[in-house]
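Residue numbers (my numbering), protein chains in the order written: chain A, 1 to 444; chain B, 1 to 444. Glycine included, every Cβ here is placed at the ideal spot set by N, Cα and C. See structure below.
Protein chains: 2
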Amino acid sequence: MTSMDRRNFVHTTGAAVGAAALAPAILSGRGDQRVRLGIVGVGGRGTSLLELILRRADTDVTAISDIDPAALARAVDLVEQAGRRRPAGYHESEHDYEQLVLRDDVDAVIIATPWRWHAPMAVAAMRAGKRPGVEVPAAVTLAECWDLVNTSEATGVPCMLLENVCYRRDVAAVFRMVREGLFGELVHCRCGYQHDLREIKFHPGAEFGPGAEGEARWRTLHSVKRNGDLYPTHGIGPMATCLGVNAGNRFTVLTSMATKSRGLHQYAVARGGPAHPSARVTFALGDVVTTLIQCAGGETVVVTHDTNLPRPYSLGFRVQGTRGIWMDDGDVIYLEGVSERAHQWEPWAPYQERFDHPLWTRWAERATGAGHGGMDFFVVHAFVESVKRRVPPPIDVYDAAAWSAISELSERSVAEGGEPQAFPDFTRGRWVTRAPAFGLSDAF
Amino acid sequence: MTSMDRRNFVHTTGAAVGAAALAPAILSGRGDQRVRLGIVGVGGRGTSLLELILRRADTDVTAISDIDPAALARAVDLVEQAGRRRPAGYHESEHDYEQLVLRDDVDAVIIATPWRWHAPMAVAAMRAGKRPGVEVPAAVTLAECWDLVNTSEATGVPCMLLENVCYRRDVAAVFRMVREGLFGELVHCRCGYQHDLREIKFHPGAEFGPGAEGEARWRTLHSVKRNGDLYPTHGIGPMATCLGVNAGNRFTVLTSMATKSRGLHQYAVARGGPAHPSARVTFALGDVVTTLIQCAGGETVVVTHDTNLPRPYSLGFRVQGTRGIWMDDGDVIYLEGVSERAHQWEPWAPYQERFDHPLWTRWAERATGAGHGGMDFFVVHAFVESVKRRVPPPIDVYDAAAWSAISELSERSVAEGGEPQAFPDFTRGRWVTRAPAFGLSDAF
């Protein structure tokens, strides 16, 4: 029996596939199915996902929505240049996506808009019976997390979070090693989003807000208004799959502390001068926000949000169990009884080769050249395949909610001086018996 | 004006030396002074410190106390073998140290006993007018932290914490770089004690408690009874000096979370079998205890205690400011505008050479061969020199209290589900104006 048929999610528009999910012979029989996709948001991220979709023979892009007519036109052109039929375009208003999701020729919707739209758009898609694949984070607030869960349960339409880092090659191999018991019983994990975004939060120069470019148009405002972990999923996603969160485990409580806020102001002054409007803005976001999460299984996770200071990129992963420990900073591992020398790190590389995840072994060639070191291929692949097969996605609405909930819980804890905040149980108790769904085979 | 004469500590038995502390010419004139030391506790650690003391020409060891007659005899022999006069020995009872500290031929007392004795012994020494140099941690409880502070203030006798890691070569260089502004304004630090102590907590085999050997005789009981950061100072000491704690800054609040406890039980079973008495013990200590500390200056510190699982040793340092970041895991650094490639780590080694602390530049030759990579030389040197010169020690009673207080605060937070715990202000408000004392010159 596979995990798929142990999941109690009922998808009203398709039969549960059960063991078929792990049976390539049967699955390949469905290779002729096509998925008709609508895409909402074709800025940098949406365009990148569109390009991956256009590489696939099993997808049609039937409709695209973006309030920026130029971005929309570029995306429509991309589809045509790929020899595909010209998709319908929506750009009249911020709510034009509501028309897109109603179209009969849309089976599923990719959402790659600013954060504030992720949950409302996913909710609209589900209400229209269309599966959303939503970019990270799935929601900004706890209320939105519940909106996603409630809507998915009420409509029977699954919602997938497009968390690409779960498919990073080293992360996927570590996930496999966790499943195979190499680390023993997991005890402690670390992760985060440590990425100097100053050139993205301000662009060009010291600009942000409506007159700026790229994500500086909207993303920076979250740093002005909010103080907490604004972007937890790239880190917590892979750790949650390792820890079996929502499938035998769950996050129970967190505390967060934020440092003072220095980086963004100093950057605005350095780039725009002290008289620049950006230099007179007070940024709420502390430069480093650290969150401690307790799990029902007795594990803890440290999550870091660090986007305002000069620093090399790192998601700061650490997976630690009763038999060993892996860290991506330095790419090192130690496994008791396996590592040759006691108390000494080993390089990760030989383990990568030995424990490469079956997904990568099978699909590496197609992943080559896809965004973010190939991992974007897998997250698109998983979304498209789960839609085609009408099975629950490997990263579902409960994952989307539990991972994204960290943001508001963290903001609350920071505001209350580190006061612990209880996680809602979005599964309403079903985490106890739910089985894992992520990364269990080489299919998707 | 040096920091020394800005410190408001009054040492009743000696004049403040003021600027002399940084004037080698004057200081060298005191080279003929000798310090007469009593040593309490000559197990592994005390013996190691004794050997360093015996290398020095400016010390006499006049009395040694240990309840283990064999350990005492070995220590007394070591003194004689070094061509020194035979010291008096005390081993009659656990309270024999009370006689040692009263001796007229003892100026200062090194305390290297089990943790539970550190504070009472230091208090006894100060009451007798003898300066204690106390091993880490200085205290097990908050009440003991206050005992140290109150006694030092009432008697006017300084108390030094013998935190050797503050003098680790890379740590001292980073400290210098912090003082010189290379990291900009500090924002966030990390540290911890990540050391697989299973072979120390159980020795031999699965033994611990009175019948065991070495630290397994007493240290392991703390893991049976307590759940929190039992051993914070090796990590927090160096970060506290960088952050100016007790000298313009202070720790205000912490939260802690502990994982489940697996490592010690599993080790006891593996070494002693399931029927061994140690295998039937329930250990309170979570395998990984993570503590978040907020500072008055707006910085945060993550402190890790991780001593029950198989893992390579690491104190997990990270010093992060508005201009850059250093981590000892991987020995990497990034300084904006200094590092050649943006967003890319550099190896630490060239910085070690360039920013070697003046203490190391001056004393490296004497430090060679001293314990723990040479750093033990410096902590003994600092203690002896500050006693000789009758100046406050560079790591004082307020540091000892603030750093050691983490243990009970952490235990409380863990017990209360991560509830924030306020740090006592052991300086009673003087942290606002106190000047730093650690690592300011090449003298000690």
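Report the three-state DSSP secondary structure of residue i (helix, strand or coil).
i        : result
Asp107/A : coil
Asp306/A : strand
Tyr193/A : strand
Asn164/B : helix
Thr241/B : helix
Arg318/B : strand
Thr427/B : coil
Tyr64/B  : Going by the sequence as given, residue 64/B is Ile instead of Tyr. Ile64/B falls in the strand class under three-state DSSP.
Val35/B  : strand
Leu182/B : coil
Tyr313/B : coil
Glu346/B : strand
Val391/B : coil
His188/B : strand
May I have the straight-line CA-CA distance separating residue i from residue j, to the nearest angstrom?
i        : j        : result
Asp442/A : Glu340/A : 31 Å
Pro204/A : Thr282/A : 19 Å
Arg430/B : Asn246/B : 8 Å
Trp117/B : Leu142/B : 14 Å
Phe426/A : Ala402/B : 41 Å
Ala296/B : Leu186/B : 12 Å
Gln33/B  : Phe444/B : 15 Å
His188/B : Thr291/B : 13 Å
Ile64/B  : Ala75/B  : 8 Å
Leu254/A : Glu419/A : 8 Å
Lys388/B : Arg85/B  : 20 Å
Gly371/B : Leu148/B : 27 Å
Phe423/A : Ala405/A : 8 Å
Gly44/B  : Arg56/B  : 19 Å
Ile200/A : Thr304/A : 19 Å
Ser93/B  : Gly228/B : 31 Å
Leu161/B : Leu285/A : 37 Å
Leu440/B : Asp356/B : 13 Å
Glu408/A : Asp399/A : 16 Å
Val136/A : Arg262/B : 34 Å
His234/B : Cys166/B : 8 Å
Val397/B : Cys159/B : 5 Å
Leu52/B  : Trp115/B : 21 Å
Val40/B  : Gly417/A : 42 Å
Phe175/A : Thr241/A : 7 Å
Asp104/A : Ile110/A : 16 Å
Val178/A : Ala125/B : 52 Å
Starting from residue i, trace the alpha helix (DSSP H) both ways and give me its first and last residue.
i        : result
Gly89/A  : Taken as a continuous stretch (DSSP letters only), Gly89/A belongs to no alpha helix (DSSP H), being part of the beta strand (DSSP E) at Ala88 to Tyr90.
Gly44/B  : Gly44 to Leu54
Thr155/B : Leu142 to Thr155
Ala258/B : Counting along the chain, Ala258/B falls outside any alpha helix (DSSP H), though it belongs to the beta strand (DSSP E) covering Phe251 to Ala258.
Thr220/A : Arg219 to Lys225
Ile325/B : Run containing Ile325/B: none in the alpha helix (DSSP H); it sits in the beta strand (DSSP E), Gly324 to Met327.
Tyr267/B : Gly263 to Gly272
Val446/B : In the structure as shown, chain B begins at 1 and stops at 444. Residue 446/B is therefore absent and cannot be evaluated.
Leu100/B : Tyr97 to Leu100
Ala73/B  : Pro69 to Gln81
His118/A : Trp115 to Arg127
Pro232/A : Per DSSP, Pro232/A belongs to no alpha helix (DSSP H) and is neither H nor E.
For the beta strand (DSSP E) containing residue i, list its first residue and its last residue.
i        : result
Gln294/A : Val288 to Cys295
Pro132/A : Arg131 to Val134
Tyr351/B : Run containing Tyr351/B: none in the beta strand (DSSP E); it sits in the alpha helix (DSSP H), Ala349 to Arg354.
Val332/A : Val332 to Leu335
query = Listed in chain order, which residues of the segment 87 to 107 of chain B have Cβ atoms closer than 9 Å to some Cβ of chain A?
reply = none
Residues of the segment 163 to 181 of chain B with Cβ closer than 8 Å to any Cβ of chain A, in chain order = none
ask   = With a cut-off of 8 Å, do at least 3 Cβ pairs link the segment 57 to 73 of chain B to the segment 87 to 103 of chain B?
value = yes
task = Output, in sequence order along the chain, the residues in the segment 338 to 365 of chain A whose CB is closer than 7 Å to any CB in chain B.
result = His343, Gln344 and Trp345
task = Tell me, please, whether the segment 159 to 173 of chain A touches the segment 351 to 366 of chain A by the rule of three or more beta-carbon pairs shorter than 8 Å.
result = yes
task = Decide yes or no for the touch test of the segment 306 to 322 of chain B against the segment 209 to 221 of chain B: beta carbon pairs closer than 8 Å, at least 3 of them.
result = no
query = Any contact of the segment 326 to 345 of chain B with the segment 358 to 374 of chain A, i.e. 3+ C-beta pairs under 8 Å?
reply = no
ask   = Below 8 Å, can you find three or more Cβ-Cβ pairs linking the segment 327 to 337 of chain A to the segment 267 to 275 of chain A?
value = no
request  = Determine which residues of the segment 189 to 221 of chain A have a Cβ less than 8 Å from any Cβ of chain B, and write them out in chain order.
outcome  = Asp196
key: Cβ-based contacts, 9 Å cut-off: residues of the segment 415 to 438 of chain B near chain A   = Glu416, Gly417, Gly418, Glu419 and Pro420
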